[in-house]
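Below is one structure, written out as structure tokens; the observations come after it.
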């Protein structure tokens, strides 16, 4: 028979009755196991994620089916047939942990690949674009998705006020309010890396890449009415669907595909290829087959694995790099910073986050330090004369050519060009019936009220 113990390993004599002064009490402070139980319960929850709070996850593998080694030297893609273990966390974005799975929202699609050269995190969504392209706007956008500080209720006014003054959000808003904005389950939606990343080849040459995960289960969505019926019956509908499918060996799969753009194409591209609010044309940059992602094992402990899983696009590996995407650059700081606050300084030593390969750093101390206490402490400084871990220049990426002056660039069209645009449209509308002009102005208004008003004044 197993014995109940304290966290320090001391066997517990009674797990039912508090230590009291007499039969009627009061309770004594010296009942240290009672205090341990209460104190631990007070700390059983870590702060929920500010975004993507409600999530589900599963373990699986990525199997490479096609050779893309001409683009990247990353070990995960090194040979056809190679299998890499992974953990995938699905989520809703705006709602808290108690939100319903079947709400209209963007879905998170975050993957941690445990490669032989370290962890590669691909932190994406079920949409290829996002609401904003500049990280300056992200905290404000996030606030519009959360509760109003006065009413403590969600505010459609704040949400639409922000969107109506942020024309770049129109693509993502359109996806959100289309059928794709309410997937029937996590298994029946695509996933995207969304950002532009870089591949580095064996010859140390860079190309730009976008990642696509195409569901083999087929796309299935719900209407608002169907979603409301599901919520009334089951607030964990997507969690249940994913868990039961895997338990029944009905393993969900996605085809991993990529788009590739070389540096010359990027320089001459019709718009900014690093803009998170835009996509690359599949006609110009067709999808290339890479492999199959399969989810085949449910977590043993939801908190340990799903809640403590910590993702960041800063977790990269040789052969895969970042890009000038402004949002991606900001996320490389924001995500690990959030994990240090939410989980703890040494969050990457937790089993769900720890790499498969040997880890050698010069970090020191901090909460939740899981270093093996049977080993002597290692060196904590570099350079040193005692055989400590050293850098290796072969892992350096090629230089990234940067063009332009350091400044704050307004992505919107300046006033002179706006007036020119309005005038061009007005000239082209001369002689057009007013009812047709009115219909077109209504479309312009959906993009931006200023757009519609500018054309109207020019007319």
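Numbering (my numbering), first residue to last: 4 to 462. Even for Gly, the Cβ is constructed at its ideal location relative to N, Cα and C.
Distance, residue j Cα to residue i Cα
i           : j           : result
residue 372 : residue 115 : 22 Å
residue 153 : residue 460 : 39 Å
residue 100 : residue 94  : 10 Å
residue 389 : residue 354 : 29 Å
residue 419 : residue 350 : 51 Å
residue 430 : residue 436 : 14 Å
residue 142 : residue 55  : 14 Å
residue 382 : residue 391 : 7 Å
residue 242 : residue 22  : 41 Å
residue 138 : residue 404 : 22 Å
residue 313 : residue 244 : 23 Å
residue 40  : residue 233 : 37 Å
residue 48  : residue 346 : 10 Å
residue 251 : residue 301 : 11 Å
residue 155 : residue 296 : 40 Å
residue 395 : residue 184 : 46 Å
residue 222 : residue 189 : 10 Å
residue 265 : residue 369 : 43 Å
residue 366 : residue 50  : 24 Å
residue 442 : residue 220 : 40 Å
residue 269 : residue 109 : 28 Å
residue 44  : residue 361 : 34 Å
residue 432 : residue 176 : 29 Å
residue 344 : residue 33  : 33 Å
residue 520 : residue 31  : Within the shown structure, residues of the chain are numbered from 4 to 462, placing residue 520 beyond reach of any answer.
residue 237 : residue 352 : 35 Å
Sequence-distant residues of its chain with Cβ nearer than 6 Å to residue i (five each side left out)
i           : result
residue 428 : 458
residue 178 : 130
residue 315 : 124, 338, 339
residue 358 : 121, 122
residue 162 : 147
residue 97  : 108, 148
residue 333 : 138
residue 426 : 461
From the options, residue whose alpha carbon lies closest to that of residue i
i           : options            : result
residue 308 : 9, 12, 58, 316     : 58
residue 186 : 451, 405, 105, 270 : 105
residue 298 : 234, 89, 443       : 89
residue 449 : 290, 164, 31       : 164
residue 102 : 166, 235, 442      : 235
residue 364 : 215, 121, 172      : 121
residue 206 : 397, 444, 328      : 397
residue 303 : 62, 26, 8          : 62
residue 399 : 268, 320, 127      : 320
residue 310 : 443, 342, 157      : 342
residue 401 : 24, 209, 17, 180   : 209
residue 335 : 317, 344, 352, 26  : 317
residue 19  : 344, 237, 37       : 37
residue 255 : 24, 46, 65, 158    : 65
Contact under 8 Å by Cβ, residue i with residue j
i           : j           : result
residue 194 : residue 123 : no
residue 117 : residue 147 : no
residue 200 : residue 322 : no
residue 69  : residue 407 : no
residue 263 : residue 288 : yes
residue 182 : residue 224 : yes
residue 172 : residue 112 : no
residue 174 : residue 280 : yes
residue 203 : residue 75  : yes
residue 140 : residue 169 : yes
residue 127 : residue 91  : no
residue 463 : residue 119 : The requested residue 463 is not part of the displayed model; the chain covers only 4 to 462.
residue 452 : residue 167 : yes
residue 14  : residue 5   : no
residue 462 : residue 439 : no
Sequence-distant residues of its chain with Cβ nearer than 8 Å to residue i (five each side left out)
i           : result
residue 326 : 198, 199, 200, 201, 211, 277
residue 291 : 69, 71, 260, 261, 262, 263
residue 132 : 174, 175, 178, 197, 279, 280, 281, 282
residue 274 : 281
residue 285 : 262
Cβ neighbours of residue i in the same chain (closer than 7 Å, five flanking residues each side left out)
i           : result
residue 217 : 193, 257, 258, 260
residue 456 : none
residue 145 : 53, 54
residue 329 : 136, 137, 138
residue 421 : 457
Please give the ranges of any beta strand (DSSP E) in the segment 74 to 161, keeping only runs that are unbroken, at least 3 residues long and fully inside the region. 86 to 95, 110 to 118, 121 to 128
Fully enclosed by the segment 20 to 71, which alpha helix (DSSP H) runs are 4 residues long or longer? 35 to 45
Entirely within the segment 166 to 195 and at least 4 residues each: give me those alpha helix (DSSP H) ranges in chain order. 173 to 179
Every unbroken beta strand (DSSP E) within the segment 216 to 269, with a cutoff of 3 residues, ordered by chain: 256 to 264
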